[in-house]
Every structure is written in C-alpha cells, then in structure tokens.
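Per our numbering, the very first residue in the sequence shown carries number 3; after that it's consecutive.
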Amino acid sequence: MYYFFAPSLINKIELHYFFTDDSHQMDAFVRNKSETEILAIIREVATITGIKLKVETEPYLEGGLREIIKFTTKNKFFAPIITSIISGVITGLVQHQFTKDDEFDDLQKQKIKLEIKKLERDLNEYERTNSVLDTKKTADFISINSSKIVKHKSNFFKSLNNYPKISSVSFRRLNSFNAEIALPVIIERKDFNKYILDTDELPIIVDEQAEIEIISPVLKPGSFKWKGYYSTSGETIDFFMKDNDFKKDITENRITFRNGTRINCILTKTRKLTETGEIINSSFSVIKVLSVSDGQAIIETAHGKIYKKERELLKNQLALFTQNDH
C-alpha cells in the first residue's frame with residue numbers, strides 16, 4: 003500500500019493473544035520470550051529505515067491478552083510510516099528456509115534510508131507533503147532480506163507454537179485514541195509453522211577462485227583442520243582439506259611447503275544463523291586445489307589443469323552461443 007499522510011496519528015500496534023480457554027493469564031516466560039522477539043524486530047526495522055524511535059507499552063487489556071505497543075518519533079508524521087512498516091514486517095510470511103545468499107544489501111538499506119530522508123526534508127519544509135512511501139513494498143523487502151528479522155520472527159512463532167494454550171495471535175494498527183484503523187491480521191495456530199524456519203543452516207557458498215596462504219598444514223592422517231589466511235575475506239580460517247590427491251602429492255614429496263606458500267582452490271563455506279539472526283561461517287572446506295605457489299614458482303595440479311580446460315571450453319561455448327544468437 004502507499005501511505006499518504008492523514009490528520010489522525012496512527013502510532014500503535016496491538017498484539018492480541020487468543021487462548022483455548024476463557025482465562026486472561028499467560029505463562030510469564032512465554033510472554034517475555036515473545037515480547038523480546040517482537041522488540042528485536044522493531045529495533046531492526048528502526049535500524050534499517052534510520053528512523054529514531056521511542057517504544058512504549060500500555061497496560062494489558064483482557065479478551066485473551068492484549069498488549070498495545072506505542073511508537074513515538076521525533077517527527078510525528080513518521081509514526082504512521084514506521085507503524086505500517088513494522089506491522090507488515092511482523093505479519094509477512096517467510097520461506098521455511100532462509101535462502102538469501104548474502105547479508106542484507108547495504109545499497110538497499112541506503113536506498114530505504116534516502117527515501118525516509120527525502121520525506122523528512124519535505125515535511126520540514128512544508129509541514130505536510132504529498133510525498134509517498136510504499137510501506138508494503140518496504141515491509142515485504144525487509145521481511146525477506148533481513149536475516150535478523152527472519153530469525154526473530156521464527157523465534158516468536160516457535161515460542162507460541164510450543165505453548166498449547168495459544169489458539170491464535172493477531173496484530174492491528176491503532177490511532178492515538180486506540181481506535182482501529184485497519185482490520186486485524188489474524189494468524190491461526192495451524193499457520194504458525196509457516197513462519198518457523200526449518201533449519202538455521204544457510205546455503206553453502208562456493209568460492210571457485212579462493213586464495214589461501216598456508217599457516218599450518220596437517221600432514222598426518224585423520225580429520226584435522228588446517229589453518230590459513232583467506233585473502234578474499236582477509237581473515238585467518240581453520241579449514242578441512244578434502245582434496246585427497248593433493249594430500250597424496252604432499253606425502254610423496256611432489257609438493258612441499260615453505261614460508262608464504264599459497265594455494266588457489268575451490269573453497270566451500272558452510273553458514274548458519276545464530277539465535278539473534280547473525281550470519282556466521284560455521285565451517286570451511288577446500289574441495290580441490292588448483293595450483294600451489296611458493297613465491298618462486300607456480301605448480302598447477304592435475305585437477306587444476308582439468309578445471310582450466312573446462313572453463314575455457316565453457317567460455318568458448320558461451321561465445322559461440324552469443325554469436326549465433328545475433
């Protein structure tokens with residue numbers, strides 16, 4: 003939806019827990035866990051949009067259990083914007099697996115912040131503005147691309163899913179007088195799993211042109227990690243050497259190590275989400291070594307020669323296809 007500024011101030015979200023019985027009590031640990039995850043989502047949205055936000059809660063209301071979260075911004079006309087975005091982010095569906103290959107794109111973050119800044123400038127100049135921001139599009143984009151929000155949302159619904167007393171949960175936007183300004187979004191228990199991640203493991207990243215300076219090789223048999231300096235990321239890593247042909251070349255003295263020896267290789271990176279939605283590398287593995295350099299000479303491995311030929315063949319096929327296409 004496109005949000006146009008209106009005279010009434012829309013600055014609240016109501017979180018409503020529905021129970022399987024007529025009581026108004028909720029397990030304190032479950033409620034605290036749920037609220038922690040919602041607040042983490044709100045904090046991340048504020049960070050991404052660049053909107054400075056004050057968050058307050060109002061007294062609980064009965065009818066199941068209803069909590070009202072109030073947002074205050076330095077420029078009051080930003081309250082409806084952030085309220086709409088947060089509401090959309092919380093209720094937006096995610097995939098069962100977080101398949102985004104990279105961290106939330108910094109350029110996209112900057113684009114969102116620039117749009118907010120433009121609105122702020124217009125408001126400061128004219129008090130009211132005809133400028134618009136597609137809050138639904140912004141919320142959908144943030145929901146899909148922010149690993150932190152994906153994880154916190156998964157944690158929220160996982161907590162509720164493990165608490166049998168909850169039958170459903172709803173979210174709705176309110177104005178400053180607690181009047182409903184849109185129909186609530188109701189999420190039934192049977193749909194909680196749609197928001198819960200199947201796994202914290204992320205897709206494996208393959209670096210086909212990795213360069214690693216060997217710090218500590220492992221020359222004895224067994225599943226031991228090597229240590230090296232990974233030039234691409236500028237970090238020291240522990241990694242598994244899974245190229246048995248390369249290890250055989252070492253044991254048979256066809257390849258030797260000296261200070262500064264580097265390998266060009268195919269490296270896989272296994273990643274996962276932490277409990278707070280941070281993306282961390284959990285494991286590195288060298289699948290194939292393509293060449294070895296000791297500062298004086300470059301030795302191309304057998305697999306490296308095959309890999310080079312395959313790349314050249316593919317490049318020629320693509321060039322031929324492009325020519326025929328024209």
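Don't be surprised by glycine CBs; every beta carbon is placed ideally from N, CA and C.
Rounded to the nearest whole angstrom, the CA to CA distance from Pro61 to Glu16 is 11 Å. Counting only the Cα atoms, Phe242 lies some 28 Å from Lys153. Residue pairing for Ser235: DSSP places it in no beta bridge.
The beta carbons of Asp209 and Thr238 sit about 16 Å from each other, so the pair does not count as a contact at 8 Å.
Judged by their CB atoms, Asp23 and Lys167 are nearer to each other than the 9 Å cut-off. Bridge pairing for Asp209: Leu269 [DSSP].
When C-alpha distances from Ser178 are compared across Gly297, Phe159, Thr74, Leu269, the shortest belongs to Thr74.
Per DSSP, the continuous alpha helix (DSSP H) segment holding Ile50 begins and ends at 30-51. For Tyr232, the closest alpha carbon among the candidates Gly94, Arg264, Ile114 is that of Arg264. When the beta-carbon positions are compared, Gly52 and Ser149 stay at least 9 Å from each other. Each of His26, Ile87, Arg273, Glu46 was checked against the Cα of Gly65, and the nearest Cα belongs to His26.
Under the three-state reduction of DSSP output, Ile83 falls in the helix class. Of the residues Lys290, Pro205, Gly90, Ile151, the one whose Cα lies closest to the Cα of Ala304 is Lys290.
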